[in-house]
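So the structure is just underneath, and the comments pick up after that.
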Amino acid sequence: MKRFGKFGITLLLSFGALAFAQKQTMTLNPDASKVAFALKGTGHEVHGSFHVSKGSIAFDRSAPSMSGSVVVSAASGESGDKSRDKKMHSDILNVDQYTEVTFEPKSYQGTIAPSGDSTIQVSGVFTLHGAPHDITVPMQVHIDGTNVTAKGSFLVPYVKWGLKDPSIMILKVAKEVQIDLDLAGTLSPAS
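Sequential numbering from 164 applies to the sequence shown in this note's numbering.
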């Protein structure tokens, strides 16, 4: 009976440790993370980036749940042209009123491997210009020990979502902007 008791306790501790290992948090490193954008236009394409301010994403390998957020400073958007950036900040993004752009993951489809590469679909809420929008982002995740990267791309139909169209006369731009996420951080057990 004592032998079964020790075995039972060992089994319980093993399952507890396994369940704990299934829940982890990715804490973003803002200096190693980037949000790039590309906007096609008549005869040209504008490329730029935004700065990730902060973020952490908790996930559970045993259930397809996620929580947390990725926070981007709306005023950090740069395209290499100060005049165009000033217009983007004031006329399109209204950064004085809407200082942040956020993504809050809620769930995922696929499997997150404990190490190496994984491909998942992350569903969540993308908040732009103060308005929430449900989106799903295909992500490539790479885990190497406690280091993790997550990369994904998606289109934002910014005009459909209520932002101003920056097209002027013969200089027309697309009504959707391509967003490329390149997130890097460290893993720790979820608290």
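C-beta atoms are modelled at their ideal positions from N, C-alpha and C, and glycine is treated no differently. Values in this document were obtained by computation on a predicted structure and should not be read as measured data.
Candidates the options, of which the one nearest residue i by Cα
i, options, result
"Lys335", "Gln272, Gln185, Lys203, Thr349", "Lys203"
"Gly273", "Lys338, Glu208, Met302", "Met302"
"Ser270", "Ser281, Ala294, Met229, Asp297", "Met229"
"Leu326", "Gly231, Val340, Ile333, Gly315", "Val340"
"Trp324", "Met332, Asn310, Asp297", "Asp297"
"Arg247", "Pro268, Ala337, Pro329, Pro320", "Pro329"
Reduced DSSP category for residue i - H, G, I as helix; E, B as strand; rest coil
i, result
"Asp343", "strand"
"His214", "coil"
"Lys314", "strand"
"Gly348", "strand"
"Ala337", "coil"
Cα-Cα separation between residue i and residue j, rounded to whole angstroms
i, j, result
"Lys347", "Ser239", "Correcting the residue type first, residue 347 is Ala in the shown sequence and not Lys. Using only the alpha carbons, I get a separation of about 18 Å."
"Ile220", "Ser253", "30 Å"
"Val258", "Ser225", "39 Å"
"Leu350", "Ala201", "30 Å"
"His305", "Ser278", "7 Å"
"Ala237", "Phe222", "26 Å"
"Ser286", "Ser196", "20 Å"
"Ile342", "Ala313", "14 Å"
"Phe317", "Thr299", "8 Å"
"Pro352", "Gln187", "4 Å"
Proximity below 8 Å, CB of residue i to CB of residue j
i, j, result
"Ser242", "His214", "no"
"Leu344", "His292", "no"
"Thr265", "Thr290", "yes"
Proximity test, Cβ basis, 8 Å: residue i and chain C
i, result
"Phe289", "Any reference to chain C falls outside this structure, which holds one protein chain only."
In chain order, each beta strand (DSSP E) run of at least 3 residues that lies wholly inside the stretch 222 to 307: 228 to 236, 263 to 272, 279 to 291, 294 to 307
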